[in-house]
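A quick write-up on the structure given underneath.
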Amino acid sequence: MKKIIISLLTLFGVATMLQSCVDDLNITPDDPLRLEADQFYSKPGAYKQALAGIYGNLALTGTNGAGSSNIGGIDAGTSQYGRVLWYMQNLTTDEVIWSYENDPGVREIQRNIWNAANPIIRGMFGRAMFQVALTNEFLRQSTPEKLSARGISSTDQAEIATYRLEARALRALAYYHLMDMFGKAPFVDENTPISVAGPEYNRQQLFDFVESELLEILPGLKAPKSNESGRLDQAFARMILAKIYLNAEVYINQDKYAACAEQCNAILGAGYTLASNYLHNFTADNHLSPEAIFFIQSDGIMTQNYGPTTVMINGQVGSIEQNGVSMGVGAGGWGGALRLRKQFVDKFEGSEFSSDARKTIISGSRNANISDIANRDQGFILAKYSNRTSTGVAGQNTTFVDTDFPLFRLADVHLMYVECAIRGAAGASMSTALTYVNALRQRANNGSTIANVNQSALTLDFILDERSRELHWEGHRRQDLIRFGRFTGGVYNWAWKGNGSAGIAIPQFMNLFPIPEASLASNPNLTQNSGY
Amino acid sequence: MKTLSKKLLFTLILMPFLVLSQGTVNGVVKDASTGQPLPGVNVVVKGTQNGASTDFDGKYSLSKLKSGDVIEFSFIGYKTQDVVYTNQKTLNVSLAEEASALDEITIVAVGYGTVRKKDATGSVSLVTAKDFNKGAVVTADNLLNGKVAGVTINAGGGAPGATPTIRIRGGSSLLASNDPLVVVDGLPMDSRVLATLNPNDVESFSILKDASATAIYGTRASNGVILITTKKGGKTLQVEFNTQFGSGKKFNKVDVFSANEFREFILAVDQNPTLFPGQTLSDRLGSANTDWQEEIYRRTDFIDNNLSVRGNLFDRIPTRLTVGNTYQEGLRLTDHMTRNTFALNMSPTFFEDHLRVRLSANYTNTKRRNAPGVEGNALTFDPTQPVYDPTSPYDGFFEFRNGPGLGQFAPIAPRNPVAQLLQTNNRSINRKVFGNLELDYKFHFLPELRAVVNLGYDRDQGYSHNQTSRNSLSGPIRLGLPIGNNEYNEGVGINKLLDAYMVYAKTFGDLNFDITGGYSYQKFENNGFFTRNQNDPDLVPQFFRGDDVVYVGFFGRTNLNWKDKYLLTLSYRRDGTSRFGENNRWGNFPAAAFAWKMKEEFFKDSSSLSDLKLRLGWGITGQQDIGVGLFYLPQYFTGDPNSQYQIGGNFLPVGVPGAFNNNLKWEETATYNAGIDFGFNNNRFNGSVDVFYKKSFDLFQVAPFADGSNFTNQGPANVGDMNVKGIELNLNYDVVKSDNFNWNINLNASKFERRIDKVAAGVPLFVGFTGAGTGGTSQIMQEGFTPFSFFVFKQLYDNTGMPIEGAFADLNGDGVINLDDRYIYKNPDPDLVLGFTTNLDYKNFDLSFNLRASIGNRILNTTRSTRAYYSFALNGVLQNVSPYVYETGFINQSNETVLSDMFIENGSFLRMDFVTLGYTFQNWLDKNVSLRVFTGMQNPFIVTKYSGLDPEINGGIDATIYPRQRQFLFGANLKF
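Residue numbers (the working numbering), protein chains in the order written: chain A, 552 to 1083; chain B, 4 to 979.
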């Protein structure tokens, strides 16, 4: 009897031990920087950190510094939102060339011979859709029910309600970019469960979504210039609206210039002023520019990234000139990574531009023609951006710059207004347009009117060139060329367009980028753009 | 032991009486091959009870003898010898080992138990001391390299004490770990233990190759299992001291221009105005003659001392104690490793052998000064510049600079590799404690039933301190000035094990069977701390807390043996792992094996055929170490100090949801194996042939995730399929076997072929670097092809056979040469792997060497593909160029040129790892002392057509390796 009891007790003991060991298989992260969602949102300030995560996706590539990335299929540093945007909008055009064609995908991008396997195109698609996913998650985690359940105070709840609107604006930005570059995208919102591949939205559907979403949230957003720094306001939403209306003929084959002018007028009347010095929009302290509507952050220590400003400033440094120190980075920079194509240099040809502050071109003994892309001593170079402040103080870090990327600034609104006026939009007048153009000209000429133009000069060809002179290397050029019918076809060829040193026509289907093949493979709802 | 002593005592007491009445004989019994005395030999007068045993010194005494008595000398494992008594006073006998009898008792570890080698049903290879490689054995894997068909071991270079990459049958995974499970005395560990274990403590390796053998290890079994058994104590006192000294140096160099050749080259470049228009390169030439590959390497020392004492402590605890010390210098100037090991093994038995206890405790302290990899800079650095420059602000080392200041260095230039070595002081200490306690209890009331409990513990603690001079350009640069490096790093990993199982063994008539059932629990924890560079005020220390990993397994196995002809093994494991979510946490891993001893069936009376066994096996195994942490779990990640976003003037670490895949699970492999073991002439010639087919499913791969559906665009998923098929041959032949002359050879050959059956959505994966640019790839994972096949451009050549720069076949015919024109050209897997070892003993001389060959493996030689261009001569400063430029004539390196198929070379090789020659003094100083002295050479030669330094690299991409050295060795083994 005693033996049986002992045996039973032993058996019971063994069974209990085994069960507790099996329970050990439930592991939770030990690391305070990795938490499950409920744990994360139980911390004070977590919602603001999550909002910073969505904003941060424009600036950062991951949570572990500049070498980390939340997305794959592309070099981590290159996957930065602003950088892929800049590659696709600027490197595909006459404004710039990248010397190191070994870097995957760059050669095909800048010679306009890309295909659906291109890592940079995949990076853009993935990064923008990640922005969408981040917003959707934030909206799911910040519903009034969740907030109440997590014991968030009503004051905080009201504040978080604004965060939600800003997150939606950032999602609209991503869908605007996808509409512009790909003409389609998988549509997922906060109601789509995780792991579900979204249905394909065509350009019209994306246009309607971006427009209605922005119009819906606009009244709830903070008034222009009234929000905390680093956060967006109504002017940001209006800026996207202005852009989609300006390009509506391309996107949905409809003339919406009047609607564009309306949004421009609203921004122009919102209290933004031009920076007194053109170059102060591109310095290490450019976030202070009165012209800034929304800039993508960069900080040499706290917000380290291989984004467009770090790339442009290190890349601007000449292989011969070794002029990095003057721009606040290492003397050699990246050894002459970026140079200008001749057609861009020609935009500043003539005495009209002899004292133009926007002409930061360095020619030296260089040949303006680039016959060999790998030869970094060929081609003129640029000195527009700097990691020194407006007063000349060097940035904190000699690789990662403090300079923010000017995504939206007032000068762009000036020129959009002018373009609407030239295109005869209601709500925009030629006389006002002239003052907007000349305001930029005078600013560029240190207040002098010597380069001012007459109303008769305001033509479509003029505005296309003037936009490049004012806004080069700011992520606009491809979109502008397409709107003016100069990107594809052979009307306008530039060096290395279509893979010829003098430029060759490219087919019209290239106005849209291909859907990345990995995206097609993982989402059966998606179809490839025609031509690819 | 006790009985033996009693018998001896009895004999001694009675002796005086016996001597008076009858004849007495004395003598010594020795081992015929080693000359060592044999204790415990039974000496009996045939047909009587009159007998004795030999003592520790092999001595015996037998009395009450009449002339004509037949005295029988018998000892297990030896041939019994009969001698007729003819009134001799002394009778010394040498017993010869009995080959077949030895095999009879050869025990093979199979995990949670052992089997007799002749009853093994799976593909199991046993390597014991007599087969071990000789020469400079620094890490335990050196004993094994090239010995077993289907097992490749590659340290990837000559770093002292490096952990090798081991592949058994090519592995089963695409991108997850292909490392086998290494189990030391029942404690599963990772393969790094091979570098910390004292090779002298290894008694045997048992390598489980097919799933019928490995499935008992469940989710960790797919890549094979290496079971290491360490040496135990003995009944007799034995002391062994081994000492070895080696002196090594490099034996070849990567081909670069010498200083004078470089001058000629640069002058010729200047003659061609199109290469560097407007520049005269020769103006930049220096006046020194430096061979940078001579400067960064040196002659090395290797010292290895090992003392082991084996005996019976307090007359009842068989104990073995080993103390080892190994000092090995690396070829790179500052590199050296010191390893001190301490091992204690005790195996007492209690309650009349009912309880066997085995305790093993190991401590290893490894100190290393690590040298940075400077080979790339040594190849590139201008040979006309000196090593030292008295005016240099960089601790007197020459560096390219534009002025006298510390910040006036040339921004783009290779850094002086000698300075890199000497200005870096990177020291690490690793302390590892591991061991286990095994209790094996045979029930008193039911001796057929045993209960075994095995408790294991392994603690690995590492520290490293990495410093570089503040005047060093190879350290970090901040605000345009070198600031030096000062990093401290520490980490600890702990691994705890509990195994408990019962074994029941019984014979019913013709059926002999055993059944094992048990439970295993293992937990791994780790954490660490890293200061990062303390000279850089922007950097903050990092703490690292790894997620615990827990395994729980239930297992069972039965061996059925009918009439000693038909053997059946069935095993089953149910394994749980903390790496996956609850719905995928558990896996079931069955296996079955059948063996038919055809010798017993058909050739029972054959004397020439001594063994013939057919084996068939099948099993399912898993692989759960896919290296993605808790990716199954939705988590929020917080930005590190450099990943913040500023709102309202405050920097906030970003909070970002992490991607996850809650469907993640283990990879699964089904293996089919068929083999034949054979032996002739008392197994003097024996061997085995195995064929296998492995099919792996649900292989971990980074697969695209539908954009916007998760928090990334790609991530780990179980999507790939792969198969491996192969054939292995192993032959042993005792060519000559006699008292004075023994010669045996071992030859093994294996061939395997890996093919990818499925990748995610059929979209190939691009992997492997090119050696140039950021993120370019040179290899591909594509369905229907070998993993890591090279994916390159097809080079076009002119009429004279010269490659045309940038001209490649437009393979897709679209008129544009772009990445779409690459094709699959060869792969790094060998077509055939061969191993050969031979031991030759003549009288007291012994000679041993091995040969290994790999045939058909291909290598991307990036030392050429990135450097054989004229334009490479100038990149900010002059750079040395691969002399292969004369054969390519290439001007510029580009995306395509670095991926030309002309840089894929045949890496076949034949290598001798070691040759040793020894002489043994059997009775040195004293008849109980034997001394063997030996000399030898490590890495005496390699035969290859490969143009790079060494074709034996891992992964097929040669981006310079740490060269292996050639060593001359001298040593002595002392035994008493």
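Ideal Cβ placement from N, Cα and C applies to all residues, glycine included.
Owing to the predicted nature of the structure, the values given are computational and were not obtained by experimental measurement.
C-alpha distance - residue i paired with residue j, whole-angstrom precision
i              : j              : result
residue 103/B  : residue 138/B  : Any answer about residue 103/B is weak, because its pLDDT of 47 lies below 50 and its placement is not dependable; what the coordinates show is given next. So the two alpha carbons sit approximately 29 Å from each other.
residue 350/B  : residue 642/B  : 53 Å
residue 693/A  : residue 487/B  : 47 Å
residue 566/B  : residue 600/B  : 10 Å
residue 308/B  : residue 246/B  : 4 Å
residue 1026/A : residue 639/A  : 8 Å
residue 157/B  : residue 167/B  : 5 Å
residue 629/A  : residue 857/A  : 7 Å
residue 940/B  : residue 907/B  : 32 Å
residue 939/A  : residue 822/A  : 27 Å
residue 1062/A : residue 1032/A : 10 Å
residue 708/B  : residue 762/B  : 14 Å
residue 834/B  : residue 289/B  : 47 Å
residue 776/A  : residue 584/B  : 47 Å
residue 1065/A : residue 667/A  : 5 Å
residue 332/B  : residue 339/B  : 4 Å
residue 947/B  : residue 454/B  : 54 Å
residue 303/B  : residue 251/B  : 5 Å
Partners in chain A for residue i, counting only beta-carbon separations shorter than 8 Å
i             : result
residue 760/B : Residues of chain A passing the Cβ test: none, with the nearest at roughly 17 Å.
8 Å Cβ cut-off: residues of chain B touching residue i
i              : result
residue 1074/A : 709, 710, 712
residue 922/A  : What residue 922/A touches in chain B: nothing, since even the nearest Cβ is about 11 Å away.
residue 949/A  : 480, 481, 482, 483
residue 599/A  : 650, 655
residue 944/A  : Under the 8 Å cutoff, chain B gives no residues; its nearest Cβ is about 12 Å from residue 944/A.
Cross-chain neighbours of residue i in chain B, by beta carbon under 7 Å
i             : result
residue 697/A : Chain B residues near residue 697/A: none, gap ~14 Å exceeds 7 Å.
residue 658/A : 898
residue 606/A : 648
According to DSSP, residues forming a beta bridge with residue i
i             : result
residue 532/B : 493/B, 546/B
residue 980/B : There is no way to answer for residue 980/B, as the model of chain B reaches only from 4 to 979.
residue 169/B : 156/B
residue 332/B : 339/B
residue 717/B : 707/B
Partner residues on chain A for residue i, Cβ-Cβ distance less than 9 Å
i             : result
residue 849/B : Simply none; closest approach about 51 Å.
residue 550/B : 578, 579, 580, 581, 582, 585
Interface partners of residue i on chain A, CB under 7 Å
i             : result
residue 544/B : The premise fails here: residue 544/B is roughly 13 Å from chain A at the closest Cβ pair, so nothing lies under 7 Å.
residue 588/B : 576
Problem set entry | the region 639–655 of chain B: positions lying closer than 8 Å to chain A by Cβ | 639, 640, 641, 642, 643, 644, 645, 646, 647, 648, 649, 650, 651, 652, 654, 655
Exercise. Taking any Cβ of chain A, which residues in the region 512–530 of chain B have a Cβ under 8 Å from it, in chain order?
Worked result: 522, 524, 526, 530
Exercise. Taking Cβ-Cβ distances below 9 Å as the criterion, which residues of the region 814–828 of chain B are in contact with chain A?
Worked result: 819, 821, 822, 823
Exercise. Is the region 176–193 of chain B touching the region 696–713 of chain B, taking contact as three or more C-beta pairs under 8 Å?
Worked result: yes
Exercise. Would the region 535–550 of chain B and the region 514–525 of chain B be scored as touching if the rule is three or more Cβ pairs under 8 Å?
Worked result: no
Exercise. Does the pairing of the region 675–690 of chain A with the region 614–631 of chain A give three or more beta-carbon distances under 8 Å?
Worked result: yes
Exercise. Would you call the region 629–638 of chain B and the region 225–234 of chain B touching, i.e. three or more CB-CB distances under 8 Å?
Worked result: no
Exercise. Quick check: the region 118–132 of chain B against the region 180–187 of chain B, are there 3 or more CB pairs under 8 Å?
Worked result: no
Exercise. At a cut of 8 Å, does the region 576–591 of chain B reach the region 662–672 of chain B through at least three beta carbon pairs?
Worked result: yes
Problem set entry | Residues of the region 781–795 of chain A with Cβ closer than 8 Å to any Cβ of chain B, in chain order | 781, 782
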